[in-house]
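First the structure, in the form of structure tokens, and then the observations on it.
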Amino acid sequence: MDIITTRQVADLLAVSEATVKRWADSGTIRCFRTPGGHRKFRMADIAEFLKAYSYESTGPTHTETPAPASGPRMSDGAPASRAEPSFVSTGLSEASLRFRNLALQGDAEGLISLIAQQRLRGFALPSIFDDIAAPALEDIGRMWTSAAISVAQEHLASQTVIEALARIKPLIERPAANRGSALLAAPGLEQHDIALRMATLVLCGMGFQPIMLGPTSPVQDLITMIASSNPSVTILSFAASHDRKHIATTLAEIEKSPRVGRLIVGGEGLTGVELPARCERVMSLSDLAYRLKTDAQVH
Ligand code: B12
125 MDIITTRQVA DLLAVSEATV KRWADSGTIR CFRTPGGHRK FRMADIAEFL
175 KAYSYESTGP THTETPAPAS GPRMSDGAPA SRAEPSFVST GLSEASLRFR
225 NLALQGDAEG LISLIAQQRL RGFALPSIFD DIAAPALEDI GRMWTSAAIS
275 VAQEHLASQT VIEALARIKP LIERPAANRG SALLAAPGLE QHDIALRMAT
325 LVLCGMGFQP IMLGPTSPVQ DLITMIASSN PSVTILSFAA SHDRKHIATT
375 LAEIEKSPRV GRLIVGGEGL TGVELPARCE RVMSLSDLAY RLKTDAQVH
């Protein structure tokens, strides 16, 4: 169901909604209508349009406005101007800055468009998460610790990111191969689960069936769940540094679970933690994707 609205297409292509409607009505971009008469677009058709009209691909560090090398950019096809909040820039890339501001504005639709835009430019989902989203959230954390934003604003931003992540699932192309289930959790006291949610999407795109337990998962329940679901891989996340010894003991206990499968752990909270032998620590979503690639995908 990779279907998007006229406004989302306008955001993706940085043109006005009127331009998108005109291109759709003239057949330049394929679309279909709902029973109520609204135009809807398939992502595959947008990708086709970008290819056909050679929109230039620019990196996540470049400008957000795609410049068509040629093609149907009409006189009224000027980039749609939207009000952006005036938070001070802190050396983030332009895409990260945009991500941060959209999150702070509570604009989940805008985040979805931004992620889709980067995908259409050929960037892999893990690198969009690592290079655009994570620095944006880190900056939000900095703004919170320096009291530049309130706790409520920080919560709005993280909830907006969570909503956008839930809604981009349709953009993920799932391979035909089924690689078994992947159990994901943030054990014990850990409340941060955004990296885990991103990992869930990356795993979907790699053919795993995610079983997402989410934050503050009680360790004994987690162990019971591992035994009953027999996952190919168990992925645990620790963002905040709680008691290091306690994390090490928790991991040792989980590692002993006979059906744990491959045990992968991530997050800054693991810094300084002595990891049990079978735990593989990953540093990013791209690292996770790389480690879980099949031999066929690596070569
Ligand atoms: C959003 C947020 C929250 C939200 C979380 C919402 C949610 N559902 O996740 C809320 C508001 C609930 C929250 C609460 C708290 N938070 Co907080 N939070 C953040 C913030 C702003 C963003 C974290 C985030 O999601 N980043 C997005 C992810 C994708 O990026 P990342 O964490 O950098 O991870 C990257 C890599 O490290 C790696 N990775 C990380 N984890 C994993 C896991 C896996 C499996 C994989 C594959 C990869 C991976 O991949 C990511 C992408 O590259 C950070 C700021 C920061 N500097 O990170 C603070 C931050 C993590 N929070 C912090 C703190 C202190 C707290 C609180 C204790 C505050 C309080 N006093 O109540 C609480 C409670 C925490 C608890 N008990 O767990 C500190 C942690 C400091 C520390 N080292 O312990 C930070 C760093 C803020 C700060 N600058 O002080 N927080």
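In terms of our numbering, the sequence shown opens at residue 125 and continues consecutively.
A virtual CB, placed ideally from N, CA and C, is assigned to each residue, including glycine.
Identify every run of the alpha helix (DSSP H) within the segment 226 to 306, keeping only runs that are complete inside it and at least 4 residues long; order them along the chain. 232 to 244, 249 to 252, 258 to 269, 275 to 291
What is the DSSP secondary structure of S181, counted as helix, strand or coil? Confidence is the limiting factor: at S181 the pLDDT is only 37, short of 50, which leaves the residue's position unreliable, though a coordinate-based value still follows. Looking at S181 - three-state DSSP - the assignment turns out to be coil, as it is neither helix nor strand.
Taking only heavy atoms of the ligand B12 into account, decide whether any of them is closer than 6 Å to the Cβ of E297. no
State the start and end residues of the unbroken beta strand (DSSP E) segment that holds T395. Note, T395: premise wrong, no beta strand (DSSP E); not H, not E.
Quick test of the definition: if touching needs 3 or more C-beta pairs under 8 Å, does the segment 254 to 267 touch the segment 221 to 228? yes
So the alpha helix (DSSP H) M167 belongs to, where does it begin and stop? 167 to 176
For the beta strand (DSSP E) containing R405, name the first residue and the last one. 403 to 406
Extent of the continuous alpha helix (DSSP H) to which S353 belongs: 343 to 353
Touch check for the segment 347 to 357 and the segment 290 to 307: three-plus C-beta pairs under 8 Å? yes
Where do the ends of the beta strand (DSSP E) carrying T358 lie? 357 to 361
Determine whether the beta carbon atoms of P342 and L375 lie at a separation below 7 Å. no
Would you check if the distance between the CB atom of L387 and the CB atom of R405 is smaller than 7 Å? no
Other residues of its chain near P209: CB distance less than 7 Å, five sequence neighbours each side excluded: Bear in mind that the predicted position of P209 carries a pLDDT of just 43, short of 50, making it unreliable; the figure below should be weighed with that in mind. Result list for P209: N225, L228, Q229, in chain order.
Run the CB neighbour count on A138, radius 10 Å, all protein chains shown included, and call it buried at 16 or more, exposed below. buried
I'd like to check one pair, F173 with I128: are the Cβ atoms closer than 7 Å? no
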